[in-house]
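First the structure, in the form of structure tokens, and then the observations on it.
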Amino acid sequence: AKSGGRGCFHYFTSGMQASIQNRIALINDLRKAISNRELTLVYQPIVEIASGKIHKAEALLRWHHPRRGIIAPADFIPLAEESGLIIEIGNWVFEQASLQAAKWRSRYAGNFQISINTSPLQYRNNTDSPADWLAWLAEHKIDAAALTLEITENLLMNDYDKVNKRLAQLRRAGMEISIDDFGTGYSSLSYLKKFHIDYLKIDKSFVQKMSKGSDDLIICEAMVVMAGKLGIKVIAEGIETGEQMQLLAAMDCQYGQGYWLAKPLSVGQFEALLSPESKD
Ligand code: C2E
Ligand code: CA
Ligand code: CA
Ligand code: CA
């Protein structure tokens, strides 16, 4: 395993390609990861900047490999996509996160939401993940409003009609749709008009380069103003410093997420935040 770089759980440093044999071995291991209960979700708070209150949580996938330790999603989601396993893994994520959201709704806050990352492959026409999700929610009597789906801009480029139909169906059921990593994909601002989007998440590459007078600060401000006028809520991602927090507050950015606020947390750690006074 390669160590060093940020985050001790990276088996490969980002950008480094695994060898073919390694990839095949990992895909075979991944095939068994669900039934071996090696996958877990951690939850990162999304915070209302003005009040400091937790707005919702983003579910982030972790793979506890029996020999290699914790593998980060950047190192196995691409393999899951290549091999088609993303459908099964994505459904598992959806099911776990929706059960968790229902539990937190009944225990802590009736309107609590969990945001789920989804891959463009889950919306392709030869699979029907969205229909499976709706059936799962109905079967478990979980309100679809407990969930937000994070998609990437690139999804909006392809199969416009089919993707739009599926997203519209999910929204009608009560889910919210969030564009992840906004500003980094092959985007066209016209998508914001064509698709009904509830949130956009300003990519951390912009947030982390903000400083007084910088281009990145101007770009962040422009995104916040534009989204506000279009009735879209904004989440700034990757906030790592108090200065970034102040700059975002000054531009009236509504929501934020990042290590400076909280790292991704286990269920137990997250519950301690939801109910700090309950620890007696
Ligand atoms: P993302 O959706 O953009 O998620 C945010 C990533 O940034 C997470 O990395 C999170 O831990 C990290 N992060 C949070 N705050 C900060 C910060 O202040 N600074 C920095 N440098 N990073 C921060 P993570 O958990 O390793 O996930 C990486 C990517 O893997 C995610 O990026 C998402 O695209 C993908 N992913 C994670 N879980 C799932 C999943 O269940 N399904 C799918 N399809 N993709 C997932
Ligand atoms: Ca995300
Ligand atoms: Ca993101
Ligand atoms: Ca991403």
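In the UniProt record's numbering, the protein residues as written are 528 to 807. Note that the Cβ used here is the ideal one computed from N, Cα and C, for glycine as well. Computed from a predicted model, the values in this text were never measured in an experiment.
Item to check | DSSP-derived helix/strand/coil call for I547 | outcome: It is helical.
Checklist entry - What separation, rounded to the nearest whole angstrom, lies between the Cα atoms of S530 and V569? => result Residue placement at S530 is flagged as unreliable, the pLDDT there being 44, under the threshold of 50; a coordinate-derived value is accordingly withheld.
Checklist entry - Can you list the beta strand (DSSP E) stretches of 3 or more residues lying completely in the region 548-616, in chain order? => result Along the region 548-616, the beta strand (DSSP E) occurs as fully enclosed runs of 3 or more residues at 566-575, 581-592 and 596-598, listed in sequence order.
Checklist entry - Can you list, in chain order, every residue whose CB sits closer than 7 Å to a heavy atom of ligand 3? => result Taken from the N-terminal end onward, the list reads D707, D708, K728, D730, K731 and E764.
Checklist entry - So what does DSSP say about K689, is it helix, strand or coil? => result In the displayed model, K689 falls within a helix according to three-state DSSP.
Next on the checklist: Can you tell me whether E609 sits near ligand 2, meaning its C-beta is under 7 Å from at least one heavy atom of the ligand?
Outcome noted: Incorrect: E609 has no Cβ contact closer than 7 Å to ligand 2.
Next on the checklist: Please classify I745 as buried or exposed, where buried requires at least 16 neighbouring CB atoms within 10 angstroms.
Outcome noted: Burial state of I745 is exposed, judged by a 10 Å Cβ sphere holding fewer than 16 other Cβ atoms.
Next on the checklist: If you measure between the beta carbons of Y726 and M684, is that distance less than 8 Å?
Outcome noted: For Y726 and M684, no; Cβs fall outside 8 Å.
Checklist entry - Terminal residues of the continuous beta strand (DSSP E) containing I704? => result Start and end: E703 to F709.
Checklist entry - Taking the continuous beta strand (DSSP E) assigned at Y726, which residues delimit it? => result Note, Y726: beta strand (DSSP E), Y726 to I729.
Next on the checklist: Please state the DSSP three-state secondary structure of A636.
Outcome noted: In the structure shown, A636 sits in coil (DSSP, three-state: anything other than H, G, I, E or B).
Next on the checklist: Just to confirm my understanding: we take P600, look at its own chain, exclude 5 residues before and 5 after, and list those with CB closer than 6 Å. What are they?
Outcome noted: Answer for P600: L588, listed in chain order.
Checklist entry - For the beta strand (DSSP E) that S642 lies in, which residues bound it at each end? => result First-last of the beta strand (DSSP E) with S642: I641 to N644.
Item to check | Proximal residues to S717 (C-beta, below 7 Å), its chain only, five neighbours per side dropped | outcome: Nothing meets the Cβ criterion.
Checklist entry - Under a Cβ-count criterion, where at least 16 other Cβ atoms within 10 Å of its own Cβ denotes burial, should N644 be classed as buried or exposed? => result Burial state of N644 is buried, judged by a 10 Å Cβ sphere holding 16 or more other Cβ atoms.
Item to check | Cβ pair count under 8 Å reaching 3, the region 641-658 against the region 613-623 | outcome: Touching, yes.
Checklist entry - What's the gap between the Cα of K583 and the Cα of A552? => result Put simply, the backbone Cα of K583 is about 36 Å away from that of A552.
Item to check | Cutoff 6 Å; reference A672; Cβ partners in own chain excluding five residues on either side | outcome: Within the same chain, G701 come within 6 Å of A672 by CB-CB distance, once the 5 residues on both sides are set aside.
Checklist entry - Does DSSP put E798 in a helix, a strand or coil? => result Per DSSP, reduced to three states, the secondary structure at E798 is helical.
Checklist entry - For the alpha helix (DSSP H) that contains L682, what are its first and last residues? => result First-last of the alpha helix (DSSP H) with L682: E680 to M684.
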